[in-house]
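Peer 1: Chain order of the listed sequences is L and Y. To convert, note that position 82 of the first sequence is 82 in my numbering; the numbers rise steadily by one, no gaps. Going from the second sequence to my numbering is simple: count from 1 and add 196. Even glycine gets a Cβ: it sits at the ideal position worked out from N, Cα and C.
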Amino acid sequence: MLLFSRKRKARDAFEADVLPLVDRLFGFAMYLSGDRREAEDLVQDTLVKAYRSFDRFEPGTNLRAWLYTILANTYKNRLRRRDQSWGSLDDLSPAGEAETAWNEGTIDPEAMTDDADLQERVREAIDKLPPDFRAVVLLADLEGYAYREIADILGVPIGTVMSRLHRGRQALKRHLAGLAAEVVPHLVGELAEERP
Amino acid sequence: MNCTEIRDSIGTYLDNEFADAERHLVEEHMRYCGACRHVFEGEQRFLGALRRGLAGGLTPASAELKERLESVLQLDRPARPAWLQLAPIVATAAAVVVVVGFFALRTSPDQPRSPLEFHGTSLATQEFVNDNFPYPVRLPLDEDGDTRLVGAKLVKHANSPAVVFLYQVQGREVAVLQRPEDLPGTLHDDQPSAVHAVPVKFTLPSR
Numbered sequence: 001m002l003l004f005s006r007k008r009k010a011r012d013a014f015e016a017d018v019l020p021l022v023d024r025l026f027g028f029a030m031y032l033s034g035d036r037r038e039a040e041d042l043v044q045d046t047l048v049k050a051y052r053s054f055d056r057f058e059p060g061t062n063l064r065a066w067l068y069t070i071l072a073n074t075y076k077n078r079l080r081r082r083d084q085s086w087g088s089l090d091d092l093s094p095a096g097e098a099e100t101a102w103n104e105g106t107i108d109p110e111a112m113t114d115d116a117d118l119q120e121r122v123r124e125a126i127d128k129l130p131p132d133f134r135a136v137v138l139l140a141d142l143e144g145y146a147y148r149e150i151a152d153i154l155g156v157p158i159g160t161v162m163s164r165l166h167r168g169r170q171a172l173k174r175h176l177a178g179l180a181a182e183v184v185p186h187l188v189g190e191l192a193e194e195r196p
Numbered sequence: 197m198n199c200t201e202i203r204d205s206i207g208t209y210l211d212n213e214f215a216d217a218e219r220h221l222v223e224e225h226m227r228y229c230g231a232c233r234h235v236f237e238g239e240q241r242f243l244g245a246l247r248r249g250l251a252g253g254l255t256p257a258s259a260e261l262k263e264r265l266e267s268v269l270q271l272d273r274p275a276r277p278a279w280l281q282l283a284p285i286v287a288t289a290a291a292v293v294v295v296v297g298f299f300a301l302r303t304s305p306d307q308p309r310s311p312l313e314f315h316g317t318s319l320a321t322q323e324f325v326n327d328n329f330p331y332p333v334r335l336p337l338d339e340d341g342d343t344r345l346v347g348a349k350l351v352k353h354a355n356s357p358a359v360v361f362l363y364q365v366q367g368r369e370v371a372v373l374q375r376p377e378d379l380p381g382t383l384h385d386d387q388p389s390a391v392h393a394v395p396v397k398f399t400l401p402s403r
């Protein structure tokens, strides 16, 4: 019974520490999978797995990062089972024009009609990324993890994190710039005038 | 560092991933190179928009998901030690025993009980089952200080009449579905290990 009561304590702690993170985990899973049903399954699988091994989790280490590790692995396995790969960005064309638009300041996020619009555009752009790039960008730009932590969570070398983040952001920049021109019609004219 | 190297490292700089020496190099370069500063500002603007869009567009979990998660975890929680101890009894029991969610039995205390459902002491519950169920049944779990029968409900399971016994196990509600062995179509092949598998796969009836 001693063993059970120790386990019970660990599980009480689990409920106190992990359940408040459900919204955050779900938000991340929604961006990662792009599908509500899939995201709910991902969060449920993650919590059940975490729950079962919670007595082996070392208090004081990063709980959130541990949950993201389980979630990312679960998602990878689900994609593999469905014969979908993490994908790649090998065909990525240079950001060129989009880069210029951001640099010239002609795309002003403040001028995007409203936040809801920006959010929708960002979501669409994220959806277009292959999952492995999406995971790196989300861990960096949504969750604010350092390169080293992202490498640990995803189980890849830090150099891979840096290159995926760089290329992922380039792709996003392109999608967002194109879309921004649609959102703010007066920018289209300005962009056209600037082209030689 | 030349301009190309500087521009390639702007993202790393903005991510705060440079050591002081490298940071200093980038900052020095920006001070006299207007072209790179231009690129730097564009990158800053883009990252700001991306991060603002991502954070603002977070979808919260639905109340239904939270409810489901709590049920899944609670089912896993108190049942385990009790089931581990009871597994041999369950294995040799004459009847097929399957754990189901206790919320199948949950009703508001103010609502009148259905004639097919009973909540009360162990003895009264056993009397209710004996009086109302058309077949003889044996209690699926032995009672002790930690395990107490507190109610029962008569249901249909896979087209056979069945009883859902509601127990308090170590202070938590656990429901056990029992079907009499002499009825056709009982699940003789079910192994008690299914008891552990059920909570994971469990979904609320409303889904």
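Does the region 261–272 of chain Y come close enough to the region 119–129 of chain L that 3 or more CB-CB pairs lie under 8 angstroms?
Peer 2: Short answer: they don't touch.
Peer 1: What's the call for residue 33 of chain L, buried or exposed, on a 16-neighbour Cβ count within 10 Å?
Peer 2: buried
Peer 1: For residue 338 of chain Y and chain L, any beta-carbon pair shorter than 9 angstroms?
Peer 2: no
Peer 1: Within its chain, find whatever has a CB closer than 7 angstroms to the CB of residue 197 of chain L; leave out the 5 residues flanking it on each side and keep chain order.
Peer 2: Past the edges of chain L, shown from 1 to 196, lies residue 197 of chain L, and the structure says nothing about it.
Peer 1: Would you tell me roughly how many angstroms separate the C-alpha atoms of residue 200 of chain Y and residue 149 of chain L, rounded to the nearest one?
Peer 2: Looking at the two C-alpha atoms, the distance is approximately 28 angstroms.
Peer 1: Using alpha carbons as the reference points, say which of L/172, L/142, L/55 and L/53 lies closest to residue 248 of chain Y.
Peer 2: L/142
Peer 1: Taking a cut of 9 angstroms between CB atoms, which residues from the region 118–138 of chain L lie near chain Y?
Peer 2: Taking 9 angstroms as the Cβ-Cβ cut-off, the region 118–138 of chain L approaches chain Y at 118, 119, 120, 121, 122, 123, 125, 126, 137 and 138, given in chain order.
Peer 1: Given residue 29 of chain L, which residues of its chain have a CB within under 7 angstroms of its CB, disregarding the five upstream and five downstream residues?
Peer 2: 39, 42, 43 and 71
Peer 1: Using a beta-carbon distance below 9 angstroms, is residue 72 of chain L in contact with chain Y?
Peer 2: no
Peer 1: For the region 159–176 of chain L, which residues have a CB atom closer than 9 angstroms to at least one CB atom of chain Y, in sequence order?
Peer 2: 162, 165, 166, 169, 172, 173 and 176
Peer 1: Quick one: residues in its chain with C-beta nearer than 6 angstroms to the C-beta of residue 12 of chain L, no 5 flanking neighbours on either side, listed in chain order?
Peer 2: none
Peer 1: Looking at the structure shown, is residue 368 of chain Y part of a helix, part of a strand, or coil, going by DSSP?
Peer 2: Residue state for residue 368 of chain Y is assigned as strand, using DSSP reduced to three classes.
Peer 1: Taking all protein chains shown into account, decide if residue 223 of chain L is buried (16 or more other Cβ within 10 angstroms of its Cβ) or exposed.
Peer 2: Outside the displayed span of chain L (1 to 196) sits residue 223 of chain L, for which this structure offers no information.
Peer 1: Contact criterion: CB-CB distance below 9 angstroms. Does residue 204 of chain Y meet it with respect to chain L?
Peer 2: yes
Peer 1: With a cut-off of 9 angstroms, does the C-beta of residue 43 of chain L fall near any C-beta of chain Y?
Peer 2: Closer than 9 angstroms to some Cβ of chain Y, the Cβ of residue 43 of chain L qualifies, so yes.
Peer 1: Which residues bound the beta strand (DSSP E) around residue 348 of chain Y?
Peer 2: That run of the beta strand (DSSP E) goes 343–353.
Peer 1: Quick one: using the 10 Å Cβ neighbour count with 16 as the cut-off for buried, is residue 239 of chain Y buried or exposed?
Peer 2: So residue 239 of chain Y counts as buried.
Peer 1: The alpha helix (DSSP H) spanning residue 124 of chain L covers which residue range?
Peer 2: Here the alpha helix (DSSP H) through residue 124 of chain L covers 115–128.
Peer 1: Taking the straight line between their C-alpha atoms, what separation do you get for residue 346 of chain Y and residue 357 of chain Y?
Peer 2: Just so you know, the alpha carbons of residue 346 of chain Y and residue 357 of chain Y end up roughly 20 angstroms apart.
Peer 1: May I ask you to list the residues that DSSP assigns as paired with residue 314 of chain Y?
Peer 2: Y/348
Peer 1: Could you tell me which of Y/363, Y/233 and Y/253 sits nearest to residue 317 of chain Y, measuring between CA atoms?
Peer 2: Closest by alpha carbon: Y/363.
Peer 1: Please check the pair residue 210 of chain Y and residue 172 of chain L, which I expect to be a contact at CB under 8 angstroms, by giving their CB distance rounded to whole angstroms.
Peer 2: About 14 angstroms separates the two Cβ atoms, so there is no contact after all.
Peer 1: Specify the secondary structure class of residue 252 of chain Y as computed by DSSP and reduced to three states.
Peer 2: helix
Peer 1: To the nearest angstrom, how far is it from the Cα of residue 170 of chain L to the Cα of residue 82 of chain L?
Peer 2: Near 28 angstroms, if we compare the C-alpha coordinates of residue 82 of chain L and residue 170 of chain L.
Peer 1: Counting only beta-carbon separations shorter than 9 angstroms, does residue 325 of chain Y have a partner in chain L?
Peer 2: no
Peer 1: Could you check whether residue 314 of chain Y and residue 337 of chain Y sit closer than 9 angstroms to each other, using their CB atoms as the reference points?
Peer 2: no
Peer 1: In the structure shown, what three-state DSSP assignment does residue 229 of chain L receive?
Peer 2: In the structure as shown, chain L starts at 1 and stops at 196, and residue 229 of chain L therefore has no counterpart that could be examined.
Peer 1: Can you confirm whether residue 38 of chain L, when its beta carbon is compared against all beta carbons of chain Y, has any partner nearer than 9 angstroms?
Peer 2: Residue contact check for residue 38 of chain L against chain Y: no CB pair falls below 9 angstroms.
Peer 1: Do residue 250 of chain Y and residue 31 of chain L have their C-beta atoms closer together than 9 angstroms?
Peer 2: yes
Peer 1: Between L/25, L/55 and L/48, which lies nearest to residue 10 of chain L when the distance is taken from Cα to Cα?
Peer 2: Measuring from the Cα of residue 10 of chain L, the nearest candidate turns out to be L/55.
Peer 1: Using three-state DSSP, classify residue 199 of chain Y as helix, strand or coil.
Peer 2: helix
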